[in-house]
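In terms of UniProt numbering, the sequence shown opens at residue 1 and continues consecutively.
No residue lacks a Cβ here, since even glycine has one placed at the ideal position from N, Cα and C.
Right, one structure below, let's go through it.
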Amino acid sequence: MLNGTSVIDAIRHDIVSGALQPGTRVTEAFLAERHGVSRVPVREALRGLEGEGFVVSRPNAGSRIADIPFDEADDLFAVRESLETATARRAATRARTLFDAPSPPEDWWRVRRELGEVLDAGDAAVARDELDLLVDLNERFHLLVAELSGSSTLATLLRQLSRKIEWLYALDTSSRGKRLWPDHRRILASIDAGDVDQAAERMAWHVRESRIGYAARTSPAQADALRAVPPVA
Numbered sequence: 001m002l003n004g005t006s007v008i009d010a011i012r013h014d015i016v017s018g019a020l021q022p023g024t025r026v027t028e029a030f031l032a033e034r035h036g037v038s039r040v041p042v043r044e045a046l047r048g049l050e051g052e053g054f055v056v057s058r059p060n061a062g063s064r065i066a067d068i069p070f071d072e073a074d075d076l077f078a079v080r081e082s083l084e085t086a087t088a089r090r091a092a093t094r095a096r097t098l099f100d101a102p103s104p105p106e107d108w109w110r111v112r113r114e115l116g117e118v119l120d121a122g123d124a125a126v127a128r129d130e131l132d133l134l135v136d137l138n139e140r141f142h143l144l145v146a147e148l149s150g151s152s153t154l155a156t157l158l159r160q161l162s163r164k165i166e167w168l169y170a171l172d173t174s175s176r177g178k179r180l181w182p183d184h185r186r187i188l189a190s191i192d193a194g195d196v197d198q199a200a201e202r203m204a205w206h207v208r209e210s211r212i213g214y215a216a217r218t219s220p221a222q223a224d225a226l227r228a229v230p231p232v233a
């Protein structure tokens, strides 16, 4: 039986993974049956998700999964582009400083092993064409790179943005997720090599490609503008 916290996490995951699409009408009864709980924790979860911007509720009209306005979505991508470029740069800088150390600290190795496992899982998902799995794996990769950077501030900021960001990513996974997944190995290779500029540039373009993909479906002119101006790495 799910508790209150688990219910909101479960429904949020339904939204972020794309199981519940923007505009979909949801009822307490439907969600309670879906997750095997009573309506009370579902009602509380919907209130919380409305505060986070995932759900929109109207009197006498029930609740629907929210749409993200294009301007807000592009702002999120712009923030992510800057933030993740910084994490890649910091992670590569940290890796380079470890070259002269007798051995990297255990926390670095733990995160690096996890990154390898995430990449292997993603490659396997792509090979099986199970692209829905890439949503969670993509989030894990980017959060682990932030952790590898050694900056708790960057990691915290990215974690705060990750839910909305992965929601945007999920909406575009079927069309671009498979093509963009190999970028992760190239980004990590640059970090491992301590190539700060290359790691930053590869991460910046990786995020920019997701941003372009999202824009192409809603604002083609903006997508063209994003292609024309390289990201600041």
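One question on the structure: do residue i and residue j come within less than 8 Å of each other, judged by their Cβ atoms?
| i | j | result |
| --- | --- | --- |
| residue 196 | residue 92 | yes |
| residue 163 | residue 186 | no |
| residue 89 | residue 199 | yes |
| residue 64 | residue 26 | yes |
| residue 70 | residue 219 | yes |
| residue 204 | residue 233 | yes |
| residue 119 | residue 125 | no |
| residue 150 | residue 94 | yes |
Just the C-alpha distance for residue i and residue j, rounded to the nearest angstrom, thanks.
| i | j | result |
| --- | --- | --- |
| residue 141 | residue 114 | 9 Å |
| residue 167 | residue 17 | 7 Å |
| residue 245 | residue 103 | Outside the shown range of the chain, which is 1 to 233, sits residue 245, and nothing can be said about it. |
| residue 228 | residue 152 | 33 Å |
| residue 184 | residue 56 | 34 Å |
| residue 67 | residue 101 | 49 Å |
| residue 82 | residue 145 | 14 Å |
| residue 135 | residue 87 | 20 Å |
| residue 39 | residue 73 | 31 Å |
| residue 10 | residue 84 | 26 Å |
| residue 192 | residue 128 | 28 Å |
| residue 106 | residue 61 | 53 Å |
| residue 99 | residue 157 | 28 Å |
| residue 24 | residue 194 | 45 Å |
| residue 58 | residue 108 | 48 Å |
| residue 209 | residue 31 | 34 Å |
| residue 75 | residue 43 | 30 Å |
| residue 22 | residue 14 | 11 Å |
| residue 221 | residue 179 | 22 Å |
Would you kindly report the start and end of the unbroken beta strand (DSSP E) that includes residue i?
| i | result |
| --- | --- |
| residue 64 | 62–65 |
| residue 17 | It is not in any beta strand (DSSP E) - residue 17 carries neither H nor E in the DSSP assignment. |
| residue 57 | 55–58 |
My guess is that residue i and residue j are in contact by the Cβ rule of under 8 Å, so how many angstroms apart are they, rounded?
| i | j | result |
| --- | --- | --- |
| residue 12 | residue 49 | 6 Å |
| residue 181 | residue 122 | 5 Å |
| residue 148 | residue 96 | Rounded, the Cβ-Cβ distance is 13 Å, inconsistent with contact. |
| residue 143 | residue 155 | 7 Å |
| residue 211 | residue 77 | 4 Å |
| residue 177 | residue 131 | 5 Å |
Which term fits residue i, buried or exposed, when burial requires 16 or more other beta carbons within 10 angstroms of its beta carbon?
| i | result |
| --- | --- |
| residue 231 | buried |
| residue 41 | buried |
| residue 33 | exposed |
| residue 29 | exposed |
| residue 54 | buried |
| residue 139 | buried |
| residue 224 | exposed |
If you follow the alpha helix (DSSP H) that residue i is part of, which residue opens it and which one closes it?
| i | result |
| --- | --- |
| residue 145 | 134–148 |
| residue 210 | 196–218 |
| residue 82 | 70–98 |
| residue 128 | Note, residue 128: premise wrong, no alpha helix (DSSP H); not H, not E. |
| residue 190 | 183–192 |
| residue 40 | 39–52 |
| residue 29 | 28–35 |
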